[in-house]
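The block underneath contains the structure these notes are about, expressed in structure tokens.
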Amino acid sequence: MSRIGVFVCHCGENISRTVDVERVAAEVGKLPGVAFSTDYKYMCSDPGQGLLKKAIREERLSHVVVAACSPRMHEKTFRKAVESAGLNPFLCEMANIREHCSWVHEDRDEATVKAIEIVGMMVERVKKNRVLPTITVPVTKRSLVIGGGIAGIQAALDIADAGHEVVLVEREPSIGGHMAQLSETFPTLDCSQCIMTPKMVDVANHPRIKLYTYAEIEHVEGYIGNFQVTVRRKARSVIEEKCTGCGVCMEKCPVRKIPNTFDRDLGMRPAIYVPFPQAVPNTPVIDRENCTKFKTGKCGVCQKVCGPGAVDYEQEDRLIVEPVGAIVVATGFDLYSIEEKPKGSSIKGYGEFGHGRIPDVIDGMTFERLASASGPTGGKIMRPSDGREPKQIVFIQCVGSRAREKGISYCSKICCMYTAKHTMLYHHKVHDGQAYVFFMDARTPGKSYDEFWRRSIEEEEAVYIRGMVSRLYQKGDKIVVMGSDISVGVQVEIEADMVVLATAVQPRKGADTLAQKLGISYDKYHFYSEAHAKLRPVECATAGIYLAGACQGPKDIPDTVSQASAAAAKVMTLFARDQLEREPIVARVRETGCVGCFYCKKVCPYGAVEEKEIRDRQGNLVKVVAYVNPGVCGGCGTCQATCPSKSVELDGYTDEQIVAMIESL
Amino acid sequence: MHTEKEKHTFEPKIIAFVCTWCTYAGADLAGTSRMQYPANVRVLKFPCTGRIDPVFILKAFQQGADGVLVSGCHPGDCHYIAGNFHARRRFAAFRKLLEFVGVDLGRLQFSWVSAAEGGKWVEMVTGLTEQVRGMGPMQEFKELALEEQWSGSIDTPELQEAYDQI
Ligand SMILES: Cc1cc2nc3c(=O)[nH]c(=O)nc-3n(C[C@H](O)[C@H](O)[C@H](O)COP(=O)(O)OP(=O)(O)OC[C@H]3O[C@@H](n4cnc5c(N)ncnc54)[C@H](O)[C@@H]3O)c2cc1C
Ligand code: SF4
Ligand code: SF4
Ligand code: FES
Numbered sequence: 000m001s002r003i004g005v006f007v008c009h010c011g012e013n014i015s016r017t018v019d020v021e022r023v024a025a026e027v028g029k030l031p032g033v034a035f036s037t038d039y040k041y042m043c044s045d046p047g048q049g050l051l052k053k054a055i056r057e058e059r060l061s062h063v064v065v066a067a068c069s070p071r072m073h074e075k076t077f078r079k080a081v082e083s084a085g086l087n088p089f090l091c092e093m094a095n096i097r098e099h100c101s102w103v104h105e106d107r108d109e110a111t112v113k114a115i116e117i118v119g120m121m122v123e124r125v126k127k128n129r130v131l132p133t134i135t136v137p138v139t140k141r142s143l144v145i146g147g148g149i150a151g152i153q154a155a156l157d158i159a160d161a162g163h164e165v166v167l168v169e170r171e172p173s174i175g176g177h178m179a180q181l182s183e184t185f186p187t188l189d190c191s192q193c194i195m196t197p198k199m200v201d202v203a204n205h206p207r208i209k210l211y212t213y214a215e216i217e218h219v220e221g222y223i224g225n226f227q228v229t230v231r232r233k234a235r236s237v238i239e240e241k242c243t244g245c246g247v248c249m250e251k252c253p254v255r256k257i258p259n260t261f262d263r264d265l266g267m268r269p270a271i272y273v274p275f276p277q278a279v280p281n282t283p284v285i286d287r288e289n290c291t292k293f294k295t296g297k298c299g300v301c302q303k304v305c306g307p308g309a310v311d312y313e314q315e316d317r318l319i320v321e322p323v324g325a326i327v328v329a330t331g332f333d334l335y336s337i338e339e340k341p342k343g344s345s346i347k348g349y350g351e352f353g354h355g356r357i358p359d360v361i362d363g364m365t366f367e368r369l370a371s372a373s374g375p376t377g378g379k380i381m382r383p384s385d386g387r388e389p390k391q392i393v394f395i396q397c398v399g400s401r402a403r404e405k406g407i408s409y410c411s412k413i414c415c416m417y418t419a420k421h422t423m424l425y426h427h428k429v430h431d432g433q434a435y436v437f438f439m440d441a442r443t444p445g446k447s448y449d450e451f452w453r454r455s456i457e458e459e460e461a462v463y464i465r466g467m468v469s470r471l472y473q474k475g476d477k478i479v480v481m482g483s484d485i486s487v488g489v490q491v492e493i494e495a496d497m498v499v500l501a502t503a504v505q506p507r508k509g510a511d512t513l514a515q516k517l518g519i520s521y522d523k524y525h526f527y528s529e530a531h532a533k534l535r536p537v538e539c540a541t542a543g544i545y546l547a548g549a550c551q552g553p554k555d556i557p558d559t560v561s562q563a564s565a566a567a568a569k570v571m572t573l574f575a576r577d578q579l580e581r582e583p584i585v586a587r588v589r590e591t592g593c594v595g596c597f598y599c600k601k602v603c604p605y606g607a608v609e610e611k612e613i614r615d616r617q618g619n620l621v622k623v624v625a626y627v628n629p630g631v632c633g634g635c636g637t638c639q640a641t642c643p644s645k646s647v648e649l650d651g652y653t654d655e656q657i658v659a660m661i662e663s664l
Numbered sequence: 000m001h002t003e004k005e006k007h008t009f010e011p012k013i014i015a016f017v018c019t020w021c022t023y024a025g026a027d028l029a030g031t032s033r034m035q036y037p038a039n040v041r042v043l044k045f046p047c048t049g050r051i052d053p054v055f056i057l058k059a060f061q062q063g064a065d066g067v068l069v070s071g072c073h074p075g076d077c078h079y080i081a082g083n084f085h086a087r088r089r090f091a092a093f094r095k096l097l098e099f100v101g102v103d104l105g106r107l108q109f110s111w112v113s114a115a116e117g118g119k120w121v122e123m124v125t126g127l128t129e130q131v132r133g134m135g136p137m138q139e140f141k142e143l144a145l146e147e148q149w150s151g152s153i154d155t156p157e158l159q160e161a162y163d164q165i
């Protein structure tokens, strides 16, 4: 038989003004199972809590109901008090007779009757409460960072500087991401390489960063604090430990004419290559598709010339398992490519803009490579078709972005700013040139951003035309751009030497596949979703996984770096403890009842439900049942309401407890 | 200001099933803002609307509720990401079922009340209380409960045996 103690609070006069608290204590005291009931002026005060603890000990109470304010206010306070008196904290419940009663009713009699019922309901509930032990999970204080763009680099450095080991996995042969390709950066016009490469070198030299480039995530298991990540290190054909980075192989490789994607195909590279001279690590990789040795079995020049004997044609992919406690996803973005059909659209690209057909119609990233001092032209702006300097250049914004009919209704956020930057870089380099910009709106929120944009117009004299381009076509060696200026309502026609398209920022191709491996969610475009748009912007809903950079949505460098540092801070918060403690409000499966339908698995928003094999003594499979991982379960109870055989129960909110409440009414 | 309260002959019993994060907090806000509403409602707190089994609604009607209110976070705002989407689907089907068995859907209300919508909570509770008051007491399920009790007791060995064979 339970010995329940009920403590009715006056809350000064907040409750006692409308609720007859003495009557409540007296009435409730008559309920079966209630061994003690009293009322007190301020239950949450020190003496109030003292009274509670004393009663637990002296009256040998088994359960406690505190009738006072909202549990959202003081449930923690009273559960702590109960715990310090030696009872399990989950044997204490609060009855809300302030926010839900005394404050919202005036009639004293009515309010008192209601309060008695509310307390009675909680008395019936608490009888069914069970002892719940606090759940603790150990934390592996190592972090995985996926993607080595500026986001991943920043997060990795922050976490490693805080004293924790980091495994950084980059798909490409070098870290750096898109920022390594940029020329100068808004809003300050400092050179991207100059601010980026020192950070890349820091990563390479950091004693606590383990860098895997040319590698991908194969498989992820586990949960917060305890992930097991399998990394696939793709065969590089060069042994990293032996290679000194001298570069002789690249010089001697007879295959020379492979378009370098890093330079947007403007430059050429050999079959054994590093994507750009400042690559980290500075270890080449053999592009097996284009290497003569791999294609015909002949050649082998690089192996012959390599002093330390680092070239290994037999090398195979290797799988490595890394235990980590937290994961930062920083896989960045792709650019909308004009030739392809955008997702969710039946219209193929922007044929009307001639990209891919007219060689001097390029995209913004290609312009970055042209303008970059370390780029294929040494920073000279020239036409891909004939190498001439363009004297009239047209920039078109919002190509793909904000185009619902193409399936991309969002704003790519960075294009207004980088187009303004491009017009400036152009005018700095081509003094007698003229830049035109077709734009819908100029979106320049951000520190010093609008000033920067104005400067491109007021000082650098770029001509901004508000309107869309309807058509472009080649005429001789010119590109005729036809559009409208909607601010004055006239048609415009410009004979340009070059056209630059500000193409939309899109999620990585294959972002969904990676998300499925990680068990994180993504939006309809495949940008990764944060747990809460305002209050948890860098956490995934899946515990222990964090987001940084453009993989979560279009972002410029300042935003990317802020988010990366924020994600790192979250990881450090997690690593500040040896054990993770969590509220034991988690679901549990009754294996005897479970029929293995896995409806629970389908509805669980956290991916907490696993399949578990039950075997007999001989090891024969008896059945497969659901198992809820307590480290992952968020405690929503959706599984329980869904389970057709009533075999999964959410601790703290069992059917028994709820039915007891309903029956008390 | 103290207004003279109307006395009614019938005071309906309203049971509300709400999630902790939005509607319970919204009801708390109504309290801290000292709004006033009829005292007929009893609130049961759940972690999420996803936890609310339609059986609880039936149980509430059997137990003498004249009206039931189910409320949680607005779609997209669920604290547990998607619990309320599952709940919404579940209740859509459940409403149809109730309608089919002849329950007046005016007695059952689903809504979204956020933590900031104390006023909406008050409107919701007041509205439902008045509506149900107009409809009179809910009889059907109380009778059902009695029937269930009657057919539910297996008190003879013969009955038990027959029961075990099914
Ligand atoms: C034309 C252009 C000009 C710009 N100019 C500016 C500017 O002037 N100023 C400014 O502030 N911003 C500018 N930006 C924006 C800037 O490029 C981005 O803010 C920044 O690059 C985002 O960094 P990130 O690390 O999130 O993504 P990324 O740079 O895309 O890096 C992601 C990294 O993850 C790797 N990766 C991807 N998938 C995987 C995987 N599955 N496994 C392992 N690794 C993976 C990629 O290889 C890459 O290295 C410009 C962008 C463009 C397109
Ligand atoms: S593979 Fe050999 S030759 Fe080529 S860069 Fe490395 S050490 Fe030099
Ligand atoms: S309670 Fe919610 S989070 Fe936990 S297993 Fe069930 S559905 Fe998943
Ligand atoms: S938490 Fe409110 S509906 Fe899910």
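Chains as they are written, first to last, in numbering that gives the first Met the number 0: chain D, 0 to 664; chain E, 0 to 165.
Heads up, the beta-carbon is just placed ideally off N, CA and C, and yes, glycines get one too.
Treat the numbers as computed from the prediction; the structure is a model and nothing was measured.
Whether residue i touches residue j by CB criterion (7 Å)
i      : j      : result
D:L649 : D:A568 : no
D:E671 : D:M121 : Since the first and last residues shown for chain D are 0 and 664, residue 671 of chain D lies out of range.
E:P11  : E:D65  : yes
D:S191 : D:T184 : yes
D:R207 : D:E164 : yes
E:F109 : E:F90  : yes
D:I216 : D:C248 : no
Same chain, Cβ closer than 6 Å to residue i, five either side skipped, listed in chain order
i      : result
D:K611 : V624, Y626
D:H205 : A159
D:T559 : I149, A150, G548
D:S61  : S1, R2
D:T376 : L369
D:D496 : P389, K390, Q391
First through last residue of the beta strand (DSSP E) which encompasses residue i
i      : result
D:K516 : Per DSSP, D:K516 belongs to no beta strand (DSSP E); it is in the alpha helix (DSSP H), 510–517.
D:L579 : 578–581
D:N225 : 225–232
D:Q490 : 489–495
D:V125 : From DSSP, D:V125 is part of no beta strand (DSSP E) but of the alpha helix (DSSP H) over 107–126.
D:T37  : 33–39
D:H218 : 214–222
D:A325 : 325–328
Close Cβ partners of residue i (< 8 Å) along its chain, the five nearest in sequence each way excluded
i      : result
D:P444 : none
D:G296 : none
Terminal residues of the alpha helix (DSSP H) in which residue i lies
i      : result
D:S455 : 448–457
D:F574 : 556–574
Chain C within 7 Å of residue i, Cβ atoms only
i    : result
E:K6 : The chain inventory of the structure shown lacks chain C, comprising the protein chains D and E.
8 Å contact criterion, which residue i and residue j should meet: CB distance rounded
i      : j      : result
D:A66  : D:V112 : With 8 Å as the limit, D:A66 and D:V112 do not qualify as a contact, their Cβ atoms being about 14 Å apart.
D:I380 : D:Q473 : That pair is no contact at about 20 Å.
D:E109 : E:A38  : 5 Å
D:V491 : D:I464 : 6 Å
D:A540 : D:A530 : 5 Å
D:V202 : D:F332 : Going by Cβ atoms, the distance from D:V202 to D:F332 rounds to 20 Å, so no, they are not a contact pair.
Cβ shell of residue i (< 7 Å), same chain only, five flanking positions each side left out
i      : result
D:K52  : A80, S83, A84
D:S663 : G119, M120, E123
Is the segment 222–229 of chain D in contact with the segment 272–287 of chain D, if contact means three or more CB pairs nearer than 8 Å?
-> No, the segment 222–229 of chain D does not touch the segment 272–287 of chain D.
Say whether the segment 40–51 of chain E touches the segment 69–76 of chain E, bearing in mind that this needs 3 or more beta-carbon pairs closer than 8 Å, one atom from each stretch.
-> yes
Three or more C-beta pairs below 8 Å linking the segment 538–550 of chain D and the segment 146–164 of chain D | yes
Three-pair Cβ contact test at 8 Å for the segment 227–238 of chain D versus the segment 319–339 of chain D = yes
For the 8 Å Cβ check, are there 3 or more pairs between the segment 103–122 of chain D and the segment 299–309 of chain D?
-> No, because fewer than three Cβ pairs between the segment 103–122 of chain D and the segment 299–309 of chain D fall closer than 8 Å, the two stretches do not touch.
How about the segment 385–399 of chain D and the segment 432–450 of chain D: do they share at least three Cβ pairs that are nearer than 8 Å?
-> yes
Is it true that the segment 40–55 of chain D meets the segment 133–149 of chain D, where meeting means three or more beta-carbon pairs spaced less than 8 Å apart?
-> no
Check whether the segment 499–508 of chain D touches the segment 402–419 of chain D, counting contact only when three or more Cβ pairs, one atom from each stretch, lie closer than 8 Å.
-> yes
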